[in-house]
Amino acid sequence: MIEGNLKELIVEALVRAKEAGKLKYSQLPEIILERPAEKSYGDITTTVAMTLASQERKPPRVIADIILKHMSPTPSWIERWEIAGPGFINFYLSPSFWHNQLLFVLNRGDRFGSSDYGKGMRIQVEFVSANPTGPLHVGHGRNAAVGDVLARILTFSGYQVEKEFYINDFGNQIELLGQSVWSRYMELNGKPVPFPENGYHGDYVYDIAREIIARKGSEFVEKDPAEVLPFFAEFASQVMLERIKADLEAFRVTFDSWFSEKSLYQNGSVAQVLETLKSKGFIYEQEGALWFRSTQFGDDKDRVVIRSDGRPTYLASDIAYHQNKLQRGFSKLINVWGADHGGYVPRVKGIIKALGYPEDILSVVLIQLVRLMREGVEVKISKRSGKLILLSDLVEEVGVDAARFFFTMRRTDSHLDFDLELAKSQSKDNPVYYVQYVHARICSLFREAKKLSIALPSPQEVDLNRLNSEEELSLIKELYHFPKVVIESALFLEPHRITFYLQNLASIFHSYYNKYRFISEDLTLTGARLTLAKGVQIVLKNALDLLGVSAPEVM
RNA sequence: GCGCCUGUAGCUCAGUUGGAUAGAGCGCCGGACUUCGAAUCCGUAGGCCGCAGGUUCGAGCCCUGCCAGGCGCGCCA
């Protein structure tokens, strides 16, 4: 990266200036290079002169001038520099530098934007983890999209990523599902029993009951409920889990592992970890229950792990689960949760610390609510089921591409208004189509060129000096910026940076496309512009891949 | 009452971890297709960045206090 070279140049200048007695700083300041707010301010800017101002007791612009006077002879990739505003030093890079960057994009191809930033780091992303007690709804959809896109971004950034789904296949919820299905089963067999309070009312509960009748007939009707309920619970949760898997797969989301909560009880790890924490003094007994001393880690109150009747709470398995994750040796854990679970963050961080690990090994990405909007009004309830809108319904209506794009279009910590009509519309208003259209357009361009027997020139023969307009250089600069966007998305766990980048790139391209013609009688110019189009196509495809959104050749 | 998140143009949102004149899309108004895809582009207008203090060369961003909305505050998950 060019930034490294530039930093060295500035550091050398600072050192020389100090040796010459022009500057007196005691410690070399950190050189921060950034992209200027406006194009006219150059390609790279530094604020170093301003940060030095107070300790040098000189105006920033004077310091900037001293620094520049001590710079070594201008390297060829710098066209010029200037002092601007309160004391920025702006660097303008030469066109040939940018032309080389374009060749670099083509050379890297589908690897352009990838890095070894996370090299040697194993990172786990746990997401969705919906209870297998009902189908996925749109809230899970946003979680699934964000988690999956994060995993893709991290993978592209060199991390070794494992995607995991934690299955809550133990405890109250599952029992309640079993009872609900059993009740429907009895009802369908003409022997109605009271439906459990807080039971699951969805149609899918009937579906499962019918499935059991189809497979097993009515053999359970006369049996003792206590004897058959475990079967109902087990069967129902299996069916739901299969359905969840199918919905996710249709949403282009797959997992490397499916971790069973129940297994933590079966292999004794819950009991074992509670014993460990007890010996460390983090677990105590009170009022007949066992408590986790989470207040020691910033939680509001201590939390029960084993109830006075001896049944564990979900927190018990969460402790064992996170111990298990930690023991698997990940350098970083990411939990993607709904915002309604925000209150659990302190206690899970507490678990991490109590187990003797640094708390920042875990990052929790909280996803705020999704509001589905149709023509300006919120859609709360599905007409078909009378319940929450299902992910599968949404996908059926707007398609996977639009759903994934929209779900990752906002920062995770802000609410998302999902405009259904917009997501379906085939116009520039719809950002998905707007972006995909660029890809299709470029593909169309190459089809047209082929028709005219014009081939994309090789990097050796292309004359990129023909790309000298401001728009062409801007386009290349935008491509050049892509790897940085990927790394920042990975670093801050912010997928929306990719969607915004795509929209911006698409806008610059469309604008260019309307102003200039790619194919003309000037064959060297045509070759150069086709090379530019190829670069845009590559970056577009790579970025869309990160979102799990298709890059269509025709639309 | 306490905790977390949010508050930026009429609407939906960005804002490069504290930098230059706060940006984009939609909507409004006005323009551009006999030429590579008009599913596109160009232009105009629109702002006490919730309010009030503070920190410093500099604050939409950091600190404090208010106001408003969302979510959470169980021996439920």
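For the first sequence, the numbering used here begins at 2 and goes up steadily by one. A virtual CB, placed ideally from N, CA and C, is assigned to each residue, including glycine. Given the structure is predicted, the values throughout are model-derived calculations rather than measurements.
Beta-carbon proximity list for residue i, same chain, < 6 angstroms, skipping 5 on both sides
{"i": "L480", "result": "V106, G536, V540"}
{"i": "S261", "result": "I168, D170"}
{"i": "Q427", "result": "Y434"}
{"i": "V399", "result": "A424, K425"}
{"i": "E4", "result": "L34"}
{"i": "F128", "result": "N144, G148, V337"}
{"i": "D117", "result": "G159"}
Assigned exposure category for residue i - 16 Cβ within 10 Å defines buried
{"i": "M556", "result": "exposed"}
{"i": "K76", "result": "Looking at the sequence itself, residue 76 is Pro, so the reference to Lys does not match. Exposed: under 16 other Cβ atoms inside 10 Å."}
{"i": "Q538", "result": "buried"}
{"i": "P195", "result": "exposed"}
{"i": "Y285", "result": "exposed"}
{"i": "I33", "result": "exposed"}
{"i": "N144", "result": "buried"}
{"i": "F493", "result": "exposed"}
{"i": "K25", "result": "exposed"}
{"i": "P136", "result": "buried"}
{"i": "R304", "result": "buried"}
{"i": "D310", "result": "exposed"}
{"i": "L15", "result": "buried"}
{"i": "N515", "result": "exposed"}
{"i": "A534", "result": "buried"}
{"i": "K281", "result": "exposed"}
{"i": "S332", "result": "exposed"}
{"i": "N28", "result": "Residue identity differs from the one stated: residue 28 is Gln in this sequence, not Asn. Under this definition Q28 is an exposed residue."}
{"i": "P74", "result": "exposed"}
Nearest candidate by alpha-carbon position, reference residue i, set the options
{"i": "K8", "options": "W338, R216, F92, P197", "result": "F92"}
{"i": "E176", "options": "F233, E212, M51, G135", "result": "F233"}
{"i": "G114", "options": "T156, R375, E127, A456", "result": "T156"}
{"i": "I353", "options": "G289, R405, F283, V240", "result": "F283"}
{"i": "E473", "options": "F407, V49, L506, T48", "result": "L506"}
{"i": "F447", "options": "T500, R530, H497, N466", "result": "R530"}
{"i": "T532", "options": "G86, K40, G110", "result": "G110"}
{"i": "D361", "options": "G377, R211, L327", "result": "L327"}
{"i": "Q239", "options": "K224, I213, A251", "result": "I213"}
{"i": "Q174", "options": "H141, P226, A237", "result": "A237"}
{"i": "F419", "options": "V139, P553, N101, S55", "result": "V139"}
{"i": "I509", "options": "N543, V436, V487", "result": "V436"}
{"i": "W292", "options": "V271, A317, S270", "result": "A317"}
{"i": "V162", "options": "Q273, S258, L389", "result": "S258"}
{"i": "A441", "options": "P87, F501, S55, P553", "result": "P553"}
{"i": "S245", "options": "G357, S393, I209, Q324", "result": "The sequence shown places Ile at residue 245, not Ser. Looking at the Cα atoms, S393 is the closest of the given residues."}
{"i": "P460", "options": "P484, Q102, N268", "result": "Q102"}
Residues near residue i in its chain [Cβ-Cβ closer than 7 angstroms; skip 5 each side]
{"i": "H511", "result": "V439"}
{"i": "Y315", "result": "G172"}
{"i": "D430", "result": "L423"}
{"i": "R411", "result": "L417, H497"}
{"i": "E83", "result": "N91"}
{"i": "Y513", "result": "E472, L476"}
Residues that residue i bridges to, as DSSP identifies them
{"i": "H138", "result": "L391"}
{"i": "V380", "result": "L373"}
{"i": "N336", "result": "E127, V365"}
{"i": "D420", "result": "M374"}
{"i": "E286", "result": "L291"}
{"i": "L476", "result": "L476 pairs with nothing; no bridge assigned."}
{"i": "Y167", "result": "F260"}
{"i": "Y517", "result": "None, per the DSSP bridge assignment."}
{"i": "N91", "result": "T46, E83"}
{"i": "Q161", "result": "R123"}
{"i": "R530", "result": "DSSP output for R530 lists no bridge partner at all."}
{"i": "V305", "result": "W292"}
{"i": "S115", "result": "F113"}
Neighbourhood of residue i by C-beta distance below 8 angstroms, restricted to the same chain and skipping five residues each side
{"i": "E367", "result": "The question names Glu, but residue 367 in the sequence shown is Leu. Excluding residues within five positions, the ones whose Cβ falls inside 8 angstroms are W338, G339, A340, H342, G343, V346, T413, D414."}
{"i": "K192", "result": "V222"}
{"i": "V595", "result": "The structure shown has nothing for residue 595, since the chain only spans 2 to 556."}
{"i": "N469", "result": "P96"}
{"i": "S219", "result": "N190"}
{"i": "R379", "result": "Per the sequence shown, the amino acid found at residue 379 is Glu instead of Arg. Only R372, L373 meet the Cβ criterion."}
{"i": "F89", "result": "P37, Y42, T46, T47, T48, A50, M51, A65"}
{"i": "R253", "result": "D149, V401, R405, G549"}
For a minimum of 4 consecutive residues, which ranges assigned as the alpha helix (DSSP H) are wholly contained in the segment 14-85?
List check, alpha helix (DSSP H) in window: 49-57, 61-70.
Which runs of the alpha helix (DSSP H) spanning at least 4 residues fall entirely within the segment 307-331, listed in chain order?
Whole alpha helix (DSSP H) segments, 4+ residues: 315-328.
What beta strand (DSSP E) runs, 3 residues minimum, are completely inside the segment 418-503?
No beta strand (DSSP E) of 3 residues or more sits fully in the segment 418-503.
Jot down the residue ranges of each uninterrupted alpha helix (DSSP H) in the segment 173-215, minimum 4 residues, whole runs only, in chain order.
As far as the segment 173-215 is concerned, its whole alpha helix (DSSP H) runs of at least 4 residues are 173-189.
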